[in-house]
Amino acid sequence: NAGVTQTPKFQVLKTGQSMTLQCAQDMNHEYMSWYRQDPGMGLRLIHYSVGAGITDQGEVPNGYNVSRSTTEDFPLRLLSAAPSQTSVYFCASSYSTPSGGAVSKNIQYFGAGTRLSVL
Amino acid sequence: GESVGLHLPTLSVQEGDNSIINCAYSNSASDYFIWYKQESGKGPQFIIDIRSNMDKRQGQRVTVLLNKTVKHLSLQIAATQPGDSAVYFCAEKASGTYKYIFGTGTRLKVLA
Chain P
640 NAGVTQTPKF QVLKTGQSMT LQCAQDMNHE YMSWYRQDPG MGLRLIHYSV GAGITDQGEV
700 PNGYNVSRST TEDFPLRLLS AAPSQTSVYF CASSYSTPSG GAVSKNIQYF GAGTRLSVL
Chain B
46 GESVGLHLPT LSVQEGDNSI INCAYSNSAS DYFIWYKQES GKGPQFIIDI RSNMDKRQGQ
106 RVTVLLNKTV KHLSLQIAAT QPGDSAVYFC AEKASGTYKY IFGTGTRLKV LA
């Protein structure tokens, strides 16, 4: 059981380049989300998905796109990278949508992160 | 090196002592709260959670206390060990939403 897998672990981009951060989970979780983490700040939600074919914006969605064609995968696309997108990106998933279910079923499991630098 | 964690409040405790990490949450409509631990270079790891209909929940060596009156959450770690050194985050979620709001974190340093 691999849990939540993110690739790549590190990436350096030039301003204007595009790329896709991959996230896959093997726990059959319905809910998946992407966060960015910047120094001195907590995790900020970029986009999330409550199931295949359903996505929605989080707190800081600008400059990022997502899609959810399968339950397992939730890629994050940077269309035109900017230095302000230099950050550590985390993908997370959980068993059930956060608004219902048993207490412990709402736990989000995180990947190890992707450290992105945009020059 | 680890860039996340700059400018974080830091709690230093002696090994074997108890630790108390505090968190003030912002939304009175939040009904679910989680504490996460993040070690250097790793993703956040679940520690313990609590719903708003509870005041206290205990796990193995950890206790979470919730005071809804003052919108305050605390994490107590008993007999703190060197392996507890990490950044600790609280997160809140409002009823009917899918969005978690994370606090900025507290760095716990365990002194030998």
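For the record, the sequence lines run as chains P and B.
So the number in my numbering is just where the residue sits in the first sequence, counting from 1, plus 639.
So the number in my numbering is just where the residue sits in the second sequence, counting from 1, plus 45.
Every residue gets a Cβ at the ideal spot worked out from N, C-alpha and C, and that includes glycine.
(request) Pull up the distance between the alpha-carbon of P/PHE649 and that of P/GLN661, whole angstroms please. (result) 12 Å
(request) Could you tell me if B/ILE66 is buried or exposed, where buried requires 16 or more neighbouring beta carbons within 10 angstroms of its beta carbon? (result) buried
(request) Tell me whether B/GLN126 is buried or exposed, calling it buried when 16 or more other Cβ atoms sit within 10 Å of its Cβ. (result) Exposed, by the Cβ-count rule.
(message) Taking CB distances under 8 Å as the criterion, tell me whether B/PHE78 reaches chain P.
(response) Chain P contact via Cβ: absent.
(request) Pull out every residue of the stretch 55-71 of chain B whose Cβ sits closer than 9 Å to any Cβ of chain P, in chain order. (result) From the stretch 55-71 of chain B, no residue has a Cβ closer than 9 Å to chain P.
(message) Rounded to the nearest angstrom, what separates B/GLU47 and P/TYR674 at their Cα positions?
(response) The pLDDT assigned to B/GLU47 is 39, lower than 50, so where the model puts this residue is not dependable; a value taken from the coordinates is nonetheless given after this. Approximately 17 Å between the Cα atoms of the pair.
(message) Are the CB atoms of B/VAL58 and B/LEU156 within a distance shorter than 8 Å?
(response) yes
(request) Taking B/THR149 as the query, report the chain P residues whose CB atoms sit under 7 Å from its CB, ordered along the chain. (result) GLY679, MET680 and GLY681
(request) Report the rounded CA-to-CA distance for P/GLU784 versus P/PHE749, giving the unit in angstroms. (result) Examination of residue 784 of chain P is not possible in this model, given that chain P is present from 640 through 758 alone.
(request) Would you mind stating whether P/TYR764 and P/SER723 have Cβ atoms separated by less than 8 Å? (result) An answer regarding residue 764 of chain P cannot be provided, because it is not within the stretch 640 to 758 covered by chain P.
(message) Rounded to the nearest angstrom, what separates P/ASP677 and P/ARG683 at their Cα positions?
(response) 9 Å
(message) Going by the DSSP bridge assignment, what does P/THR659 pair with across the sheet?
(response) Note: P/THR659 sits in a beta bridge opposite P/ARG716.
(message) One question on the structure: do B/VAL132 and B/LEU56 come within less than 8 Å of each other, judged by their Cβ atoms?
(response) In this structure, B/LEU56 does not lie closer than 8 Å to B/VAL132 by Cβ.
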